[in-house]
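Below you'll find the structure, written out as structure tokens, and then a few comments.
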Amino acid sequence: MGTHPGDSQDTAAGSILSAVQTFTAPDALPPQSLHPFSLTPPYGSVSSLREVIELTTQITNSLNTHLSLPLLNPKLLSLYRQLTAISHTAQSSDQHIRHAVSVLRKRVGITYGEDVPLDRATIVDWCMSRLEAWGTSAGMEAFREEERDGRMTVVLGGKVLVLDIDFLVDRTDPEKPSIRVATLKTSYAIPNGSAGSTTGYSLSLDGFLAGSLQAFLTEVQKESDVQDSIEAGRLGMLFSEHLSYLMKLDQLALSEGDGGLRWFKDIDNLVLAVEQFATSEANAVNAGQRGAPVPLDVFIMRSHALPLPYLAAPSISFLISISPLSYLSLLRAPASILAAPVSKLNLPNLDIPFGRLRSHLSSHPRPAGTTVATLVLSSAKMSLPNADQISMPNLGTRPTFALVPSGSDIEHTFPQVSDPAGTDAPGWILDFTEGGKYSGVVMSQSRMREVEFVVNPLGGMNHIGSVPMMTFGSGSWLNLLLSPQTTLPPEHYTALYTSPTSAHPPLQLRLAAPEEPGFLLEAVPVRTLKEVWGILEIVKEQCWLNEIIGGHPWVPEGLAAQDDTDMADIEATENELDALLGGTLNPRKLPVNVYLPPSPGDLFDPDDLDALSLPSNHRGARIVMMSPERPPMPGLVEISVTFEPRRPRGVSVEINGAMGADLQIDVLEEVCRRGGLLGLPGRVWVQAQGAV
Numbered sequence: 116m117g118t119h120p121g122d123s124q125d126t127a128a129g130s131i132l133s134a135v136q137t138f139t140a141p142d143a144l145p146p147q148s149l150h151p152f153s154l155t156p157p158y159g160s161v162s163s164l165r166e167v168i169e170l171t172t173q174i175t176n177s178l179n180t181h182l183s184l185p186l187l188n189p190k191l192l193s194l195y196r197q198l199t200a201i202s203h204t205a206q207s208s209d210q211h212i213r214h215a216v217s218v219l220r221k222r223v224g225i226t227y228g229e230d231v232p233l234d235r236a237t238i239v240d241w242c243m244s245r246l247e248a249w250g251t252s253a254g255m256e257a258f259r260e261e262e263r264d265g266r267m268t269v270v271l272g273g274k275v276l277v278l279d280i281d282f283l284v285d286r287t288d289p290e291k292p293s294i295r296v297a298t299l300k301t302s303y304a305i306p307n308g309s310a311g312s313t314t315g316y317s318l319s320l321d322g323f324l325a326g327s328l329q330a331f332l333t334e335v336q337k338e339s340d341v342q343d344s345i346e347a348g349r350l351g352m353l354f355s356e357h358l359s360y361l362m363k364l365d366q367l368a369l370s371e372g373d374g375g376l377r378w379f380k381d382i383d384n385l386v387l388a389v390e391q392f393a394t395s396e397a398n399a400v401n402a403g404q405r406g407a408p409v410p411l412d413v414f415i416m417r418s419h420a421l422p423l424p425y426l427a428a429p430s431i432s433f434l435i436s437i438s439p440l441s442y443l444s445l446l447r448a449p450a451s452i453l454a455a456p457v458s459k460l461n462l463p464n465l466d467i468p469f470g471r472l473r474s475h476l477s478s479h480p481r482p483a484g485t486t487v488a489t490l491v492l493s494s495a496k497m498s499l500p501n502a503d504q505i506s507m508p509n510l511g512t513r514p515t516f517a518l519v520p521s522g523s524d525i526e527h528t529f530p531q532v533s534d535p536a537g538t539d540a541p542g543w544i545l546d547f548t549e550g551g552k553y554s555g556v557v558m559s560q561s562r563m564r565e566v567e568f569v570v571n572p573l574g575g576m577n578h579i580g581s582v583p584m585m586t587f588g589s590g591s592w593l594n595l596l597l598s599p600q601t602t603l604p605p606e607h608y609t610a611l612y613t614s615p616t617s618a619h620p621p622l623q624l625r626l627a628a629p630e631e632p633g634f635l636l637e638a639v640p641v642r643t644l645k646e647v648w649g650i651l652e653i654v655k656e657q658c659w660l661n662e663i664i665g666g667h668p669w670v671p672e673g674l675a676a677q678d679d680t681d682m683a684d685i686e687a688t689e690n691e692l693d694a695l696l697g698g699t700l701n702p703r704k705l706p707v708n709v710y711l712p713p714s715p716g717d718l719f720d721p722d723d724l725d726a727l728s729l730p731s732n733h734r735g736a737r738i739v740m741m742s743p744e745r746p747p748m749p750g751l752v753e754i755s756v757t758f759e760p761r762r763p764r765g766v767s768v769e770i771n772g773a774m775g776a777d778l779q780i781d782v783l784e785e786v787c788r789r790g791g792l793l794g795l796p797g798r799v800w801v802q803a804q805g806a807v
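Residue 419 in the numbering used here sits at position 304 of the sequence shown; the count goes up by one each step and never skips.
Okay, here's the thing in structure tokens:
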């Protein structure tokens, strides 16, 4: 019932006004979704633009036809105006209703809570009935055994997948019985095999499903004054989604017979490979300090993300970025909220325990300052590269293997449907929205092009350099990050950076919005592990920029704060006058201009782009800050901070100016690691005091 261009032929095909208003609906042409990596249905992108072109032709023909008619009757013209006003009102009302209903229906994660029984004596039977209902809804058959000696077993079976769930029931208090998950085992029945033949099960998947189900049981058995039915409903819906996803794999496994188990086993094989590689990268990061744990934030900056199997879905997730504040909160988490340690081999030795990290990332809503991508099998209609491109040599520079060069030898292709029927065949996607629960990652257009080149190296290579920057009225990617709801995007933002120790005057930051549009990256179709790594490298650079810029309270330039207006009324003192004459006056504020240079253009320069090669050099995301020299030195100081995984802390600092100042680059890089990047001009200003 949502309003989209496809309705123009059905609702009011004979009215020019209604046809035009169809494309003026709020969700007709979402500017951030006009790209191949959006989960928006196809009518929201390319086909919509094609319909706009067709509509303009129809409107032109219709207006030319009306111009040839002699309209000399004033009454007829008045009736035309009246009809137009009535049609406009009716069409606008219909459009608003359709849009409201569409938005309500598209809400993700909305639940009205579980109807938990008030009589605690019936809680055990109610929990079992909910479990059976979830299994039946997913397409599984449910079998429940009678309770014996405080134990109860429920079997959920598909055509291939079988779940055996054992529960422990405590009826010490008949009025308040309790139930918890004892064991959960997955097994796979081989079609056309001997009766009862099964294969081994995945312990990781077992623990993930058992933990998800136990979270629901724990919530519904809380006391009524602390029980949250909304949270219970969310947890129940989450477990139901896990069963539905597994049944999707079950159908694919059934269609392939004995070889269908690869749909269940591939994730475990992938987890083993990526965890071993992550351990190798952690050892390379910590090469000078054998045995010491690697800081999580440094590992994330320098490696190919952190693999976290069975975090948000029965698949594998990757932690792409973590802000300094989130890392510090994890590092200093009190012992009372620490999760149980995860005992598993092949994991990198990090300073944050995996149990604590998984518990932090699994909380709802997801903590701010973290970006997670999940590899899932999806039926979303997204454009995929040609199958013959999988075996092609890598034409670009992604992914890179600076820490562990042997990683380039790792090859892993995800299972594909051998004989896809129609266009609804499922495919693997790297999801940044957790199934639509979050909005995705704000990306610049140049990095979106890099992502496209990773998954489709032959798509648009000949003309990619000539495509102009198109904004569709959405403004810069920085506007999308800082003020997505602003109708008139500002060209500059301002913020006040104050030193926590008052080591330098406050910095008056002035950030220029780059002339490059932005989009929301929601999901990318992938087929190989190297494509995943290449995409995560690009997204990680963008997330680094987003976290640094988004971590400060920016306001559009022109909205002066109260402190700025009051400062003009402050009278100068005699000491300030003497300091001014002596050249030692400290300014009330230090002006700092902040720039975000675009990605290197040589990657898309048609003069440097031949048929089968791309330049191998690549420079990461960069932030440039310009501030005045400390008096009496004239000129400006330029500070450039670049995302550089080869550096010990993942960033590189370059300073031009500040002649004679005693600056230690490794100390400044550590400041950037701890979130003080935009305060570097103040530190340089302080160090320049000794050179004056």
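No residue lacks a Cβ here, since even glycine has one placed at the ideal position from N, Cα and C. This structure is a prediction, so every number in the text was calculated from the model and none was measured.
Straight-line Cα distance separating residue j from residue i
| i | j | result |
| --- | --- | --- |
| V709 | A483 | 24 Å |
| P730 | R513 | Note that P730 has pLDDT 40, beneath the 50 cutoff, so the model's placement of it is unreliable and no number is given. |
| V270 | L434 | 34 Å |
| S327 | F354 | 6 Å |
| E631 | E646 | 25 Å |
| T548 | R245 | 27 Å |
| M748 | L622 | 19 Å |
| P408 | D466 | 5 Å |
| L191 | L198 | 10 Å |
| S533 | G372 | 12 Å |
| L603 | D546 | 31 Å |
| N771 | N384 | 49 Å |
| K300 | D230 | 28 Å |
| A310 | S430 | Since pLDDT at A310 reaches only 41, below the 50 mark, its modelled position is unreliable, and no value is offered. |
| I105 | H357 | With the chain covering only 116 through 807, there is no way to say anything about residue 105. |
| S320 | I212 | Per the sequence presented here, residue 320 reads as Leu, with Ser not at that position. Approximately 44 Å, taken between the alpha carbons. |
| A488 | S153 | 14 Å |
| P702 | P620 | 7 Å |
| M243 | P424 | 28 Å |
| F719 | R564 | Any answer about F719 is weak, because its pLDDT of 42 lies below 50 and its placement is not dependable; what the coordinates show is given next. Each residue's Cα considered, the two are about 9 Å apart. |
| P671 | T613 | 19 Å |
Distance CB(residue i)-CB(residue j) smaller than 8 Å
| i | j | result |
| --- | --- | --- |
| L793 | L624 | yes |
| L636 | G735 | no |
| P712 | V739 | yes |
| V519 | F331 | no |
| E290 | R235 | yes |
| E390 | L462 | yes |
| L692 | S742 | no |
| A627 | G797 | no |
| I525 | A388 | yes |
| L411 | G790 | no |
| G633 | S598 | no |
Spatial neighbours of residue i in its chain, beta-carbon cut-off 7 Å, leaving aside the 5 residues before and after
| i | result |
| --- | --- |
| G406 | none |
| P668 | A610 |
| A368 | V275, G375, L376, W378, F379 |
| S293 | D285, Q336 |
| H475 | L445, P482 |
| N661 | V557, L596 |
| T226 | I345, G348, R349, M352 |
Sequence-distant residues of the same chain with beta carbon closer than 6 Å to residue i, five excluded per side
| i | result |
| --- | --- |
| T486 | I435, S436, C658 |
| D725 | Note that D725 has pLDDT 44, beneath the 50 cutoff, so the model's placement of it is unreliable and no number is given. |
Spatial neighbours of residue i in its chain, beta-carbon cut-off 8 Å, leaving aside the 5 residues before and after
| i | result |
| --- | --- |
| C787 | V756, R764, V766, V768, L795 |
| G265 | L283, V284, D285, R286 |
| Y641 | The question names Tyr, but residue 641 is Val in the sequence shown. Around V641: L490, F529, W543, I544, L545, V570, V647, I650. |
| V277 | V270, L271, T301, S302, Y303, A304, T313 |
Integer-rounded CB distance, given that residue j should sit under 8 Å from residue i
| i | j | result |
| --- | --- | --- |
| R295 | F282 | 7 Å |
| T528 | T643 | 5 Å |
| E260 | T268 | 4 Å |
| D365 | G273 | 4 Å |
| W800 | R745 | 5 Å |
Beta carbon proximity, residue i to chain B, threshold 8 Å
| i | result |
| --- | --- |
| W659 | Any reference to chain B falls outside this structure, which holds one protein chain only. |
heavy atom of the ligand SAH below 7 Å from residue i C-beta
| i | result |
| --- | --- |
| L597 | Looking at this structure, you won't find the ligand SAH or any other ligand, since it has none at all. |
Any chance the stretch 648–659 sits against the stretch 557–564, with 3 or more Cβ pairs inside 8 Å? Yes, since at least three Cβ pairs between the stretch 648–659 and the stretch 557–564 fall closer than 8 Å, the two stretches touch.
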